[in-house]
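Beneath this line is the structure, given in structure tokens, with notes to follow.
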Amino acid sequence: MKRIQRVAGVIVGSAVGDALGAPFEFGPQGAFSARFPAPGAGDDEMCGGGGWDPGEATDDTQMAILVAESLLERGGLDLPDIFARFQRWAASEPKDIGLQTDDVLTNGMPWDLAAAIHFQVNQRAAGNGSLMRASTSAVHFAATGQEGTMDAARRIAALTHGDRAAWEGTAIFHELVRVMFENTDPLAALPDILAHVHPDHRGRYATVLAPDWHPDQATEFNGAVWPCLGSAVWALRTTASFEDAIRAAIDLGGDTDTVAAVTGGLAGAYYGLDAIPARWTQPLHVPLPGFDGRVLHLADLLHLAHRLGG
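According to numbering that gives the first Met the number 0, the sequence shown holds residues 0 to 309 in order.
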């Protein structure tokens, strides 16, 4: 498979999972399959609902696009610039924004202190809000090697999440994407990836990424970073197609848009762009609140993928 197939698969796959999962957020297990029992039988799975239009991507993808555009326009990692773009977006009152992310971006603290201060005050900052937006940065930094991509993931995650658990989960996602670009089996690579996770967090990630782990064993809601990443890897491990991986992720219930976005990024890298059904990609669109009413469509995402992964 050509590398660009995997590159585009990550970005489009994550956005597709996000948009498909959004209408089912905080719903019960099995809701997607209950509504669409025959995979591929219809073209209305991008159904919208819960305040989302059919095919509309949420804050997960919107923030990923902001990261991508900063990386491209600034010629690399400019953390203050990413933070400023996040702030501009948050100030526009997007349809959805995580409570923790909203507080960090609007608390008036400097970019390099806001997340740390939030964590000091609340002692809870291990949500999946940095993991959910990692598709574009994972593509961009794959060329820097294992250490480079995992370090970049941690630094971008730390902009909004003061808990190192969120940094490490995002770093694992980055590295899983990188190894797939090298045509390496991501599941076989997990032991080596875990060896590069901070020792204080290695054990917890080893548990949720183990071959025998099931999302029903999670000790936290899947809005937390550990079960979110674990559920995405589980969906990839236990299915045999992009479609089935996304279906499995959404059917877990809970934070369906983010679990499906993370699953879509991984499955998109694994199976490639051509494995993502056109009935899912054609209605896909990504509004960018706060940025002059811009709305990105499939062609824009493909152009972005080429620029990031080129």
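Positions of the beta carbon are idealized from the N, C-alpha and C atoms, including for glycine.
- For Glu-55, the secondary structure class from DSSP, reduced to helix, strand or coil, is strand.
- Using a Cβ-Cβ distance cut-off of 8 angstroms, the stretch 26-36 and the stretch 284-293 are not in contact, since fewer than three pairs of beta carbons, one from each stretch, lie closer than that value.
- Look at Val-285 here: in three-state DSSP terms it is strand.
- Secondary structure within the stretch 12-41: not one fully enclosed beta strand (DSSP E) run of 3 or more consecutive residues is present.
- When DSSP reads this structure, Leu-295 sits in a beta bridge with Val-285.
- In this structure Asp-17 touches Asp-256 by the C-beta definition: roughly 5 angstroms separates them, less than 8 angstroms.
- For Ser-134, the uninterrupted alpha helix (DSSP H) segment begins and ends at 134-140.
- Under the criterion of beta carbons closer than 8 angstroms, Glu-55 and His-284 qualify as touching, at roughly 6 angstroms.
- A Cβ-Cβ separation of about 25 angstroms leaves Val-196 out of contact with Leu-307 under the 8 angstroms criterion.
- Spanning the alpha carbons of Ala-188 and Gln-145 requires a straight line of approximately 12 angstroms.
- Between the stretch 263-271 and the stretch 174-184 there are three or more C-beta pairs closer than 8 angstroms, enough to call the two in contact.
- Counting along the chain, Thr-206 sits inside the alpha helix (DSSP H) bounded by residues 198-207.
- The beta carbon of Phe-241 is closer than 6 angstroms to those of Ala-266, Tyr-270, Ala-274, Ile-275 in its chain, skipping five residues each way along the sequence.
- For Ala-194, the secondary structure class from DSSP, reduced to helix, strand or coil, is helix.
- The stretch 32-52 and the stretch 147-167 do not touch, with fewer than 3 CB-CB distances between them shorter than 8 angstroms.
- Per DSSP, Leu-265 is one residue of the alpha helix (DSSP H) stretching across 255-270.
- In summary, Glu-24 is buried, with 16 or more beta-carbon neighbours lying within 10 Å of its beta-carbon over all protein chains present.
- Each of Gly-12, Thr-159, Ala-231, Pro-282 was checked against the Cα of Ala-113, and the nearest Cα belongs to Thr-159.
- In this structure His-305 is exposed. Its beta-carbon is surrounded by fewer than 16 other beta-carbon atoms within 10 angstroms.
- For Ala-89, the three-state secondary structure derived from DSSP is helix.
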